[in-house]
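Some notes on the structure that comes next.
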Amino acid sequence: MKAFDVVALGELLIDFTENGISQQGNPILEANPGGAPCNVLAMLNRLGKKTAFIGKVGEDSFGQQLRKAVEESGTDVTNLLMDKEIPTTLAFVHKLPNGDRDFSFYRNPGADMMLKKEEVSEDIIKAGKIFHFGTLSSTHEGVRQATRYALEVAKENGLLISFDPNLREPLWDSLEHAKEEIRYGLSKCDILKISDNELEFMTGTRDYGKGIEILRGQYPIPLIFLTLGKEGSRAYYGDIVVEEKPFLQENTIETTGAGDTFTGCALGYILEHGLDGLTQDNLRELLVFANAGASMITTRKGALKVMPEREEIEGFIRSRG
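What follows is the structure, given as structure tokens:
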């Protein structure tokens, strides 16, 4: 028996999100625990899965806040380290008029970049069923080595590899470097969650069917999820292609964490049904559940601390049926 269903490695940071205007007319910012990998794990915890996180925060008040939030969400933090010198990474999330987001990062350096290869716990990775990662842990040399080492350990021990590029352009010294690291992730993963803008970034086409065809021609990834924002999502598995509509809501606040919620729901389904022999009905059920979970998180501020429960998602689906 494995101790953990999913082990993730990557960034853990504070997302400062707008939460009203002060009496002086200044924007009020709320310090929300954030970072894609831990958001995914938080959703998995709500589905009754066991998770562990590998990463680093600063030994400061924000780092203490993050460690407490991740631990309280149910994730094992044995391999969440605290840096005595480098502060916790901060991100400022600005909502644009069209509903999209713009990110400003204070990470030059940030503690999440300081994770070293020798600090990665082999035992925790070996105790997992799925290893999940993104590219923010590959923007700089030291943490890139740690990420690749963790991937090697995961591969050698038979874990399924889950990858979400999670492209954040301001954090890269060049976009070509970002493409190189995404290509590396594509070459290693069994499960890919990629957004429409990331697919266009990697393939140069807005014809998403053609873009997926290009990716699959280069990388034999068994299962690909394509998230399309307000257009829903698709799954590509062997010869099967399934598309499901989104659950649009009038009371959407922001989209922060929607993709991570989708990924957590999807990985939860794979843990329960396996990666082999999935049917069209399986994938349709998975997409409906993941789309619903992602929709629900857009009505809540933050992500990590407010992930929906399984019963909430199922009830939401019934209410929209």
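Note that the sequence shown covers residues 7 to 327 in my numbering.
Beta carbons: idealized from backbone N, C-alpha and C, even for Gly.
All values reported here derive from a predicted model rather than from experimental measurement.
- Secondary-structure assignment with DSSP links Ala37 through a beta bridge to Phe22.
- Under the rule that a run must span 3 or more residues, the beta strand (DSSP E) segments found entirely inside the region 237 to 294 read 239 to 243 and 246 to 250.
- Here His183 carries a helix assignment [DSSP, helix/strand/coil].
- Counting only unbroken stretches of 4 or more residues, the alpha helix (DSSP H) elements lying wholly within the region 128 to 206 are 128 to 132, 147 to 162 and 181 to 194, in sequence order.
- Rounded to whole angstroms, the gap between the alpha carbons of Ile323 and Cys195 is 30 angstroms.
- A distance below 8 angstroms separates the beta carbons of Asp82 and Ala58.
- Cα atoms of Asn25 and Leu35: separation of roughly 6 angstroms, rounded to the nearest angstrom.
- Here DSSP, grouped into helix, strand and coil, assigns Lys62 to strand.
- If you look at Ala14, you'll find it in the beta strand (DSSP E) that goes Val12 to Leu15.
- Per DSSP, the continuous beta strand (DSSP E) segment holding Leu96 begins and ends at Leu96 to Lys101.
- The three-state reading of DSSP puts Leu47 in helix, counting H, G and I together.
- Short of 8 angstroms from the beta carbon of Val159, and not among the five residues preceding or following it, lie these beta carbons of its own chain, in chain order: Val126, Glu128, Ile131 and Lys132.
- Of all alpha-carbon atoms in Pro115, Ile136, Asn45 and Arg290, the one lying nearest the alpha-carbon of Asn172 is that of Asn45.
- Per DSSP, the unbroken alpha helix (DSSP H) holding Val76 starts and ends at Ser67 to Ser79.
- Boundaries of the beta strand (DSSP E) harbouring Ser110: Arg107 to Tyr112, taken from the DSSP string.
- In the DSSP assignment, Ile319 falls within the alpha helix (DSSP H) that extends over Arg316 to Arg326.
- By the CB criterion at 8 angstroms, Ala309 and Thr267 fall inside the cutoff.
- For Leu18, the closest C-alpha among the options Ala42, Phe231, Glu187 and Lys8 is that of Ala42.
- Note: Met88 is bridge-paired with Val63 in the DSSP secondary-structure output.
- If you draw a straight line from the Cα of Gly80 to the Cα of Leu50, it comes to about 9 angstroms.
- Taking the CA atoms as reference points, Arg316 sits about 14 angstroms from Glu291.
- Shown here for Pro103: not one same chain residue has a beta carbon closer than 7 angstroms to its own, the five before and five after excluded.
- Beta-bridge annotation (DSSP): Ile230 is paired with Leu198 and Tyr242.
- In the DSSP assignment, Gln224 falls within the unbroken alpha helix (DSSP H) covering Tyr214 to Gln224.
- For Thr57, the secondary structure class from DSSP, reduced to helix, strand or coil, is strand.
- Straight through space, the alpha carbons of Gly16 and Lys62 are spaced by roughly 8 angstroms.
- Rounded to the nearest whole angstrom, the CA to CA distance from Ile197 to Ala296 is 15 angstroms.
- Within the same chain, and ignoring the five residues on either side of Asp108 in sequence, the residues whose Cβ sits closer than 7 angstroms to its Cβ are His100 and Leu102.
- In terms of Cβ geometry, Ala97 and Asp170 do not form a close pair [threshold 8 angstroms].
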